[in-house]
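In the order they appear, the protein sequences are chains A and B.
With the working numbering applied, the first sequence corresponds to residues 235 to 398, in that order.
With the working numbering applied, the second sequence corresponds to residues 677 to 1112, in that order.
Backbone N, C-alpha and C define an ideal beta-carbon position, used for all residues, glycine too.
Working notes for the structure below.
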Amino acid sequence: MNLAFSSDAERRLQELLGRYPNRQAAVIPALHLAVREFGYLSPEAMDLVARRLEVPQSLVLGTATFYTMLHKRPVGRYHIQVCMNVACYLKGSDNLANQLKDRLGIGFGEVTPDGMFSLEGVQCLAACGMAPVIQVNKDYHEDMTPAKVDALLDQLRSAPGGEK
Amino acid sequence: MTMFPTTSQTSPTRGYLLRCGNDEFIDLKRHRELGGHAALRKALAMTPDAVREQVKAANLRGRGGAGFPAGTKWGFLPKDNPKPRYLVINADEGEPGTFKDRYFLDHDPHALLEGVIITAWAIGAHQAYIYVRGEFFRPIERLESAIKELYDAGVIGKTVMGKPFDLDIVVHQGAGAYICGEESALLESIEGKPGRPRMKPPFPAVVGLFGCPTIINNVETMAGVRLILEHGADAFLAMGLPKDGGPKVFGLSGHVKRPGLYEGPMGLSLKKLIFEYGGGTIDDKPIKGVIPGGSSTAVLLPDQLDITMDFEGVKAAGSSLGTASVMVFTEGTCPVAVLLRIARFYAHESCGQCTPCRDGTGWLERIVESIEFGHGRPGDCDLLISAANQIMGNTICALGDAAAIPVISFVQQFRQDFEDHIRLGACPYGNKPEGH
């Protein structure tokens, strides 16, 4: 399959290239763009980035596999990340993680069969004063409680389509 | 709950760094109402040399954790190198416990950006990159909106406030790797590569981004530069300590009544931060331990809390100021479980380049995990300390040390808890270990 960027993404790519003295420096921004465009980085998507930036595929693969946010597998429409580090642990993140696993019926690193939710336990999200913290796609949800987690899931389930 | 409760009004320097509340955003208009760009105007009327001298005189120590004097760092730039110079701002905030730089991106980006423009002028950089951790989608949107305001107002671009000095500021979004907060890994990351720290020397000031002389400073350091220019070096020094100038943002999290960010002078009393600003511990339980400067700093016991929060003050207690991000845990918390979160973090975040760190952090995690899950063996405490000592000092960057220090300090400070855990084959506090 020969993937291509949408015209919007192409425009964005040109803009990104203007920010750096060489094309290789645009690898991570371009991979972010590909994740936004295709949902995750398939081998075809990584190949596309390599071709558009005129850099070796090996370099793109090496970079893509180094960073946790550059998904190599599909994630749910709502990608839920629970911070499991010290400050959140002290404020009960283990319970929230178990609650999410129970309610969604999936474990960390898994996606619900309807593709709606994926769940991940993550390292510090840099919001320790507002612990415990959960990130859903681009948004942080702070000072979380079991009741707030329930309300959040209900709200996401009833919302029409989430922003990727 | 607000991010920085109003109780910090008792702090003598409240308002210099933390200028607004949790639900506010200081845009360019508001920034100028608050006297913004006065510092920049002063700097542009001075020679770059004079600006550098002033920052040096203010004894501003870098706010990213290492505390290296900013003025001295700038002085490492080669005088006669014809290559372009870059300014890189480290906003890859990720050390567990630390959440201060996000405040500037989210609420007050112009305080950061004014410092960036002043610094670019001082070091002769025409291009600045702000490397922001990848998860900060919303803070990045706010920072980019502030940068656009500066271009639109003609503050940056082809000229800087009308002065024939061109400056571009670009935001570079990270992609989820703690190691990219290490300055040379950060440069690799901007260059499109995995974030693996470089051997030093050469230092980035000589061979940095794209092989060019580069200065890398933390977000809060930039806010400090702005204050130095606005108020003068002497006034900045008076806001802190003679060898460690200025006000500081302190983070407070864990088992305290009012967690959040607080501003105080360098040298603020740790007890004042916890008990006065933070309102003390939840349910007024006795403190079990305090991590004073982010997860890589040595844990302190309750009888070690009579210290001042500055680089020398925390060092005297056998730990480090780090990012001044204080995590408090009270009696009833199992130190084995806390250490497990820290050990997991460094095992996950090791870039894998140096064997002692790549393998060592994995062993530290597995040994602590086996103790936590009731499979600890007699001798594991010594094994942990021995394994940690074999990482210390044997790696290219400081992540190895950062992984070893908390392990050594937790085992030494809470040895009895670790031994009880091993002897009982279960948590002495009745914690159920979580697998996840």
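A/I314 sits close to A/Q369, with the two beta carbons spaced by under 9 Å. Following the DSSP letters along the chain, one finds B/N894 in no alpha helix (DSSP H) but inside the beta strand (DSSP E) bounded by residues T890 to N894. Non-local C-beta neighbours of B/A993 in its own chain, meaning closer than 7 Å and more than five positions away in sequence, comprise L976, Q980 and I983, ordered along the chain.
In the displayed model, B/E790 falls within a helix according to three-state DSSP. Within the same chain, and ignoring the five residues on either side of B/F744 in sequence, the residues whose Cβ sits closer than 8 Å to its Cβ are R737 and G738. For B/R778, the chain A residues whose Cβ falls inside 8 Å of its Cβ are A360 and A361, in order along the chain. Taking all protein chains in view, the Cβ of B/Y854 is crowded by 16 or more other Cβ atoms within 10 Å, so the residue is classified as buried. Against chain B, the CB of A/I314 has no partner CB under 9 Å away; the residue lies outside that interface.
When rounded, the separation of the alpha-carbon atoms in B/A829 and B/T795 is 19 Å. Distance from the CA atom of A/L324 to the CA atom of B/E709, rounded to whole angstroms, is 41 Å. Closer than 9 Å to the CB of A/F300 there is at least one CB belonging to chain B. Remark: C-beta atoms of B/H1097 and B/C1027 do not approach each other more closely than 9 Å. One thing to note: B/G857 has its Cβ within 9 Å of the Cβ of B/D768. Taking B/G741 as the centre and dropping the five residues before and after it, the same chain places the C-beta of G998 and T999 closer than 6 Å to its C-beta, in chain order. Taking a Cβ-Cβ cut-off of 8 Å, the neighbours of A/L304 in chain B comprise A851 and G852, given in sequence order.
For B/I866, same chain residues with a beta-carbon under 8 Å away, outside a window of 5 residues either side, are V764, Y805, Y807, H848 and L885 in chain order.
Runs of the alpha helix (DSSP H) lying entirely within the region 288 to 341 of chain A and spanning at least 4 residues, in chain order: 291 to 298, 320 to 324 and 327 to 338. Relative to A/P308, the option among A/T297, A/P290, A/L390 and A/T346 whose CA is nearest is A/T346.
According to DSSP, B/R737 shares a beta bridge with B/P745. Taking a C-beta distance under 9 Å as the contact criterion, B/I950 and B/V1002 qualify as a contact pair.
Distance from the Cα of B/W797 is smallest, within the candidate group B/G1055, B/P962 and B/V901, for B/V901. Considered as a whole, the region 864 to 925 of chain B harbours 895 to 907 and 909 to 914 as its complete alpha helix (DSSP H) runs of no fewer than 4 residues, in chain order. Using a Cβ-Cβ distance cut-off of 8 Å, the region 323 to 340 of chain A and the region 358 to 366 of chain A are in contact, since at least three pairs of beta carbons, one from each stretch, lie closer than that value. Counting along the chain, B/L763 sits inside the beta strand (DSSP E) bounded by residues Y762 to A767. Across the structure, A/L386 and A/M318 are spaced so that their CA atoms are roughly 19 Å apart. Beta bridge pairing from DSSP links B/T984 with B/S945.
Exclusion of the five residues before and after B/Y762 leaves A801, Q803, A804, Y805, G884, L885, F886, C888, P889, T890 and I891 as the residues of its chain whose Cβ lies within less than 8 Å of its Cβ.
Nearest Cα to B/L704 within the set B/R728, B/G1050 and B/K824: B/K824. With a threshold of 9 Å between beta carbons, A/D336 makes no contact with chain B.
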